[in-house]
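The structure appears right after this line, and notes come after that.
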Amino acid sequence: MHFLPGPHVTLISWYNGKMVNDQQALTRIKRARTALILRHPFFATLSLRLRLREDYNCSTAWTDGRVFGYNPHYINMLSKEKLEGMTAHIVMHPACNHHKRRAQRDPVTWNKACDLVINSILLDAGFTLPDGYLLREELADQSAEKVYDILEAEEVGNSSRDESNTEIEEDDEQHGEKQEDNERESGQQQDSENQSEEESAENGDPGMAGEVRDGDGAGGIGEGTGEQDEWNDAIIQAAINARGVGKLPASIERLIDRRLSPRLDWRELLARFVERNARSDYSWITPNRRYLHKDLYLPSLRNCEIDNVVIAVDSSGSIDDGELALFGAEISHIFTLYPANIHIIYCDNRIQKVVHLTRSDLPVKLEPAGGGGTDFRPVFSWLEQENIKPSCLIYLTDLETLGYPEYPPPYPVLWVWSNREKTQTPPLPFGEIIPLS
């Protein structure tokens with residue numbers, strides 16, 4: 003039953019015999035999303051992709067990658083902190099592609115598995131989750147599919163033990179009243195477990211923090227690559243924005259790398275690395291018009307630049323002319339987007355040549371120089387001696403070296419690996435790696 007709103011009239015609904023303020027719930031969700039902008043901008047940006055929809059048929063909230071459905075009664079019961087945590091939880095499901103990966107798996111167990119994967123990430127990021135959330139630390143670093151298999155195996159094991167106990171109790175029933183009491187107690191326990199399972203099956207959100215439902219094309223039909231490309235782009239942009247203000251949790255950084263790295267080629271990964279280390283300048287003076295219609299006043303990005311970038315080239319002869327040309331062209335493309343001072347260092351087992359470039363000197367043309375063995379230490383030593391503190395260092399190499407620096411440098415390092423026929427990634431003492439393939 004709904005009252006039609008008029009001037010100065012608040013929309014009220016009845017839920018389980020109680021009056022619910024629908025407008026209050028909607029306002030609280032919008033405020034929660036706005037609050038995330040300052041504390042957790044990564045989640046705030048992604049939450050704006052989801053359309054809000056009132057839904058009294060759900061017990062808590064849900065998403066299918068396009069909609070943020072919610073029960074107003076439940077929303078109004080949550081504290082401000084728990085509502086922000088639930089909002090982040092809802093966002094994490096499509097950010098992890100959970101709405102596209104269930105296939106033929108049981109939806110309740112799939113929701114449990116997904117919750118066990120993302121809840122530890124949210125807690126590490128400083129969120130407070132609604133009461134009843136699921137957490138098992140030993141499963142935190144597993145994929146949702148792996149956790150699902152573990153949960154399913156545990157359920158099968160519990161069922162087998164229950165059947166075994168029932169058979170023993172039926173045999174013991176013939177031996178006296180004591181055995182009958184034991185069987186009655188076991189039967190009551192089994193009824194309780196079955197009732198609990200039925201309640202979980204009826205409630206699509208066993209973790210009480212927000213349910214994930216299948217998106218279009220899920221359930222084994224297809225992955226919906228168009229929508230996923232949109233989410234991938236949104237995740238990258240949200241991460242760039244959050245890094246720009248120094249508020250991207252390490253747990254989210256790792257999640258992004260696991261989610262996107264297998265899907266992106268080396269060019270996209272290289273661009274991501276540079277974007278991540280660019281200095282972003284945000285201004286509250288000029289609001290971001292994109293979100294004004296949603297009653298959200300967000301800062302605008304004024305510019306994005308990099309101070310010093312070092313490109314180190316392994317000149318021992320292990321990098322061929324084609325790879326040099328390919329890498330140089332991609333570097334040139336990236337730095338047309340960002341003002342930067344570029345230092346190109348050619349090094350085999352010693353520094354062979356150093357070239358200084360600015361944006362006006364593009365495109366970069368890399369040329370072989372040297373031809374001895376490979377030693378990475380001279381590059382890092384030279385930067386320290388010259389008192390150059392780069393925003394990042396990108397090293398093109400086959401990773402066959404006489405040695406690394408004793409200590410990691412105080413700046414990000416990316417190894418662009420000319421792996422060719424090699425498939426086993428060599429161990430690195432520091433930095434990130436991209437196979438040039």
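Residue 200 in our numbering sits at position 198 of the sequence shown, with consecutive numbering throughout.
Virtual Cβ for every residue (Gly too), placed ideally from N, Cα, C.
When DSSP labels each residue in this structure, what does proline 437 get in the three-state scheme?
In the structure shown, proline 437 sits in a strand (DSSP, three-state: E or B).
Glutamate 402 vs threonine 427 beta-carbon contact at 9 Å
No, they are not a contact pair.
Between Ala63, Gly373 and Leu438, which lies nearest to glycine 209 when the distance is taken from Cα to Cα?
The shortest CA-to-CA distance from glycine 209 to any of Ala63, Gly373 and Leu438 is the one to Ala63.
Would glycine 87 be called buried (16 or more neighbouring beta carbons within 10 Å of its own) or exposed?
So glycine 87 ends up on the buried side.
Would valine 315 be called buried (16 or more neighbouring beta carbons within 10 Å of its own) or exposed?
Here valine 315 is buried, its C-beta having at least 16 other C-beta atoms within 10 Å.
May I have the straight-line CA-CA distance separating histidine 75 from phenylalanine 44, to the nearest angstrom?
Rounded to the nearest angstrom, the two C-alpha atoms are 27 Å apart.
With DSSP as the reference, identify every bridge partner of leucine 416, one or two as the case may be.
Paired residue(s): Ile396 and Glu434.
Sorted by chain position, which residues of the same chain lie with C-beta nearer than 6 Å to isoleucine 448's C-beta, five sequence neighbours on each side aside?
The chain is shown from 3 up to 439; residue 448 falls before or after that span and cannot be answered.
Cβ shell of glycine 433 (< 7 Å), same chain only, five flanking positions each side left out
Once the five neighbours on either side are set aside, the close Cβ partners of glycine 433 are Val415, Leu416 and Trp417.
Helix, strand or coil for tyrosine 58? Go by DSSP, reduced to three states.
Looking at tyrosine 58 - three-state DSSP - the assignment turns out to be coil, as it is neither helix nor strand.
Counting only the same chain and skipping the five closest in sequence on each side, list residues whose C-beta sits under 6 Å from that of valine 356.
Excluding sequence neighbours, valine 356 sits near Ile347.
In whole angstroms, give me the CA-to-CA distance for leucine 395 and glycine 67.
Going from the Cα of leucine 395 to the Cα of glycine 67 covers about 37 Å.
Do the CB positions of histidine 358 and isoleucine 336 come within less than 9 Å of each other?
Cβ distance not < 9 Å, so histidine 358 and isoleucine 336 don't count as in contact.
State the CB to CB distance for the pair alanine 252 and leucine 131, rounded to an integer number of angstroms; the pair is presumed to be in contact (CB under 8 Å).
Here alanine 252 is actually not in contact with leucine 131; their C-beta atoms are around 19 Å apart, not less than 8 Å.
Would you identify the three-state DSSP class for alanine 105, choosing helix, strand or coil?
Note: alanine 105 maps to coil in three-state DSSP.
Exposed or buried, what is leucine 250 when buried is set at 16 or more other beta-carbons lying within 10 Å of its beta-carbon?
Leucine 250 should be labelled buried.
Measuring only the C-alpha atoms, how far is proline 431 from glycine 405?
If I take the Cα positions, the gap works out to 10 Å.
When DSSP labels each residue in this structure, what does arginine 53 get in the three-state scheme?
Three-state result, arginine 53: strand.
Anticipated Cβ contact below 8 Å, threonine 47 with asparagine 234, distance rounded
About 14 Å; that fails the 8 Å criterion.
Buried versus exposed call for isoleucine 287 [16 or more other C-beta atoms within 10 Å across all chains shown]
Because the pLDDT of isoleucine 287 is 45, which lies under 50, any placement of that residue in the model is unreliable, and the number read from its coordinates should be weighed accordingly. For isoleucine 287, the number of other beta carbons within 10 angstroms of its own is below 16, and it is reported as exposed.
In three-state DSSP terms, what is isoleucine 321?
Shown here, isoleucine 321 sits in coil according to DSSP, grouped into three states, outside any helix or strand.
Taking the Cβ atom as the reference point for each residue, do leucine 137 and threonine 111 lie within a distance shorter than 9 Å?
Going by C-beta atoms, leucine 137 is not nearer than 9 Å to threonine 111.
Neighbour-count burial assignment, glutamate 277, 16 or more Cβ in a 10 Å radius:
Buried.
Going straight from the alpha carbon of aspartate 143 to that of leucine 257, what length do you get?
Straight-line Cα distance between these residues: approximately 10 Å.
On the DSSP letters alone, give me the boundaries of the alpha helix (DSSP H) that leucine 38 sits inside.
Here the alpha helix (DSSP H) through leucine 38 covers 24-41.
In three-state terms, what does DSSP make of tyrosine 348?
Tyrosine 348 sits in a strand when the DSSP states are folded into three classes.
Taking only three categories from DSSP, how would you classify alanine 342?
Alanine 342: coil per DSSP, three-state reduction.
Applying the 10 Å Cβ sphere with the 16-neighbour rule, what's the burial state of alanine 105?
Label assigned to alanine 105: exposed.
Secondary structure at asparagine 234, three-state DSSP: helix, strand or coil?
DSSP places asparagine 234 in helix when its eight states are reduced to three.
How many angstroms separate the CA atom of isoleucine 92 from the CA atom of tyrosine 409?
For isoleucine 92 and tyrosine 409, the distance between alpha carbons rounds to 41 Å.
What does a CB cutoff of less than 6 Å around serine 320 pick up in its chain, not counting 5 residues either side in sequence?
Excluding its 5 nearest sequence neighbours in each direction, serine 320 has C-beta neighbours in its own chain below 6 Å: Asp400, listed in chain order.
At what residues does the alpha helix (DSSP H) containing tyrosine 76 begin and finish?
74-79 is the extent of the alpha helix (DSSP H) around tyrosine 76.
Close-in-space but distant-in-sequence residues of the same chain around threonine 338 (CB under 8 Å, 5 per side omitted)
Taken in chain order, the residues that qualify are Arg361 and Leu364.
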